Structure formats: structure tokens, C-alpha cells
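Down below is the structure, laid out as C-alpha cells.
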Amino acid sequence: MTGLHPTDERAVTILRLLRHPTMSASEQLDSLLPLVQLPGIQKVLRSNLKTTFEDARADNIDLSRPPADFHDWLLKPLGRIGDEQNAAKPNTYNARATSLSRLYERFRELGVVPANPLDGLPRHARESATDPLPSRAELQLVHAQTSDAHARAALLLIDDLAFTMTDLLTLQWQHVNLSRETLLRRTECRIPSRSLSALHELARLDAAPLNPDALTQRVFPFDERTLRARLWTAFQNAGVRWSTPSQLRMAALRDHGMAIAATPYQAAHQFGFTSPRAYQQALELARQLGVREPESES
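Each residue of the sequence shown is one higher than the one before, counting from 3 in the numbering used here.
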């Protein structure tokens, strides 16, 4: 049961619901949603989650223990409308993926799963005009002008390794081996030199790496809002228009995703993808997005 303590009654109840042999998808959702208490319109959440729960029931997938090819399997429930495969519009697909990711993030917080299995799942381009990504010159300027050690390390991990916000917020010092120049998230990654230098700087500021009793301390000891604000401030100080962490991640894949000389699995793992197919899909999407024009000076 993923190391649950017997007193974690809500987590145990959720596991029982996910693994119940006879409950329908509708019955599972009717029981789960009040337990997890996700914010938002419950009717919309239920609708977004229903196809995944229906297909998991039909394919004997245990959603508490997603298979290794979970990203590939999700293409069917996230993309179907009724019995018609790949019929869902991009916005519908993305809304379903987002709702499922929020559910898994709640499961992770409650101790039902050790990590969010939807991290790294590529989204479809929006139906409306997609915001272009920042240029490489803009990103280099932000890196050069960022003095906040935590913001600099976070920006470099996004740019070098396509880190998600979840990756940043869950990274602990026990997951980082500075001497071997590797770190662990869903996969083991080699730490590029820029990120390695930034992590060494954080290690000098933080006693946790030298204290065996504090290795579970997070590298970025903030909540999402605070970390996002630090990144935003870095852009403001550099005089560069704000780009969201997801846009920064796509820019990283655009600029660095094809530069790595490795097998498909090694390349995927370096950027946090467990599936080479999902990695290739993300690369293709990143290459399709435009580069925004520089702001004209008034």
C-alpha cells in the first residue's frame, strides 16, 4: 500500500475505491471526489475524469499503480468521445489531462501514490492562437541577470532538464548527488554544468546536504505561489516579458531536446520522460510553437 501508515484512513479508503473489483467508474468517482475535495466545479471534474476511470476499469488498469506505459495508454481515454477514438478537441484533451493531474497531485499529497504519474505528459496545442515561446536570447538574459540563488537554480533546472513545477517543489537533497553529478526525479538525470554550479551554490547556503538527518529537506523550500513569484521577479529584473514555467519548459525542449546524443530512452530520461514516445510528442509540439517577437522600444 505504498508505505501507508494504518492511521491514514482517507488514503486507505481511496486505495480501496481505486482497487474495488466491482464498482463502476461512476460509482468510484461519486465516492472519490468528496474525499479528495479538489477545488472547482465538481460536475466538470467528474466529466473530465470519467473516460479515464471507464477505460481503466475496461482494461484492468490499477490507477493507484499506473503501468510503465501509462502516458501511452492515456492517449485513448483522454482523446475519445464516446466510442470514437481521437475525437476530442485539443482543449477537451488538455482539460481532461489537467483534471487527472490535479487528482494525482492530491493523491500524492495524501500518500496514495509516491509521485504524480502525469508529470511530463505532453498537452495538445490550444485551439486558440498559441502564445509563442521566449527566444533563446531572452532566456540567456534572464539567466545572466538573476541574482536570487533559488530562482537561478530553478530557472536552470527548467532550461537544462525541462523540470516541471512539481519536479522543483518535490526535489529533496537526498535526490541530488553533487559528486556524481546526477539527480533523481521520475528518472535519473545527468546534471548539466550550469545547473550543477547553481545547485552547488544552494548547497553552500543550505546546511541540509551535510546533515544526514535533514536530507529529506526540499531544495526549494517554498510553496508554488512563492516560487512562481521569485521566477516572475527574475524576469522583471532582467526586463524580459514573463513566461510561465510550462512555456519555459517547452522552450527548453525546443532548444535542447534534439541536442543530446543518446538512445531514445536515455534522451527521454534526461528530460524526465519515462516514455520515448511521450518525449517525441513533446519535442514535436515544442518545435511547432513560434518564437515571440522582441518588444519594440517606445
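Backbone N, C-alpha and C define an ideal beta-carbon position, used for all residues, glycine too.
This structure is a prediction, so every number in the text was calculated from the model and none was measured.
query	result
Rounded distance between the beta-carbons of leucine 47 and leucine 35, thought under 8 Å	6 Å
Beta strand (DSSP E) segment containing arginine 187, residue limits	Looking at the DSSP string, arginine 187 is not in any beta strand (DSSP E), and its letter there is neither H nor E.
Cβ-Cβ distance between glutamine 176 and arginine 220 below 8 Å	no
Collapsed DSSP secondary structure at aspartate 10 in the structure displayed	coil
Paired residues, beta bridge with valine 178 - DSSP	Leu185
Contacts around alanine 131, its chain only, beta-carbon distance under 8 Å, and the 5 residues preceding and following it disregarded	Only weak support exists for where alanine 131 lies, its pLDDT of 41 falling under 50; the coordinates are left without a value.
Beta-carbon proximity of aspartate 150 to alanine 209, cut-off 8 Å	no
Check whether arginine 98 and leucine 80 have beta carbons under 8 Å apart	yes
Through-space distance from alanine 200 to leucine 135, alpha-carbon basis	24 Å
For arginine 125, three-class secondary structure by DSSP	coil
Residue of Leu141, Phe275, Thr189, Glu190 minimising C-alpha distance to tryptophan 244	Leu141
Any 3 or more C-beta pairs closer than 8 Å across the region 248-256 and the region 37-52	no
Buried or exposed by the 16-neighbour rule on C-beta atoms within 10 Å, applied to arginine 289	exposed
Secondary structure of arginine 220, DSSP reduced to three states	strand
8 Å contact criterion, which glycine 113 and aspartate 10 should meet: CB distance rounded	6 Å
Secondary structure of leucine 105, DSSP reduced to three states	helix
For leucine 233, the first and last residue of its enclosing alpha helix (DSSP H)	226-240
Buried/exposed call for aspartate 169, threshold 16 Cβ in 10 Å	buried
Distance, arginine 18 Cα to aspartate 74 Cα	25 Å
Supposed close pair glutamine 283, proline 124 - CB separation, criterion 8 Å	5 Å
Through-space distance from leucine 180 to aspartate 133, alpha-carbon basis	36 Å
Reduced DSSP category for valine 115 - H, G, I as helix; E, B as strand; rest coil	coil
Distance, arginine 188 Cα to arginine 279 Cα	16 Å
Contact set for leucine 40: own chain, Cβ-Cβ below 7 Å, skip 5 residues either direction	Leu47, Arg104, Leu105, Arg108
8 Å Cβ cutoff met for glycine 122 and phenylalanine 222	no
Status (buried if at least 16 other CB within 10 Å, exposed otherwise) for proline 68	buried
Residue closest to serine 197, alpha-carbon to alpha-carbon, out of Ile16, Leu157, Gln272	Leu157
Beta-carbon contacts of histidine 22 that lie in its chain and below 6 Å, excluding the five residues immediately before and after	none
Other residues of its chain near phenylalanine 165: CB distance less than 6 Å, five sequence neighbours each side excluded	Leu159
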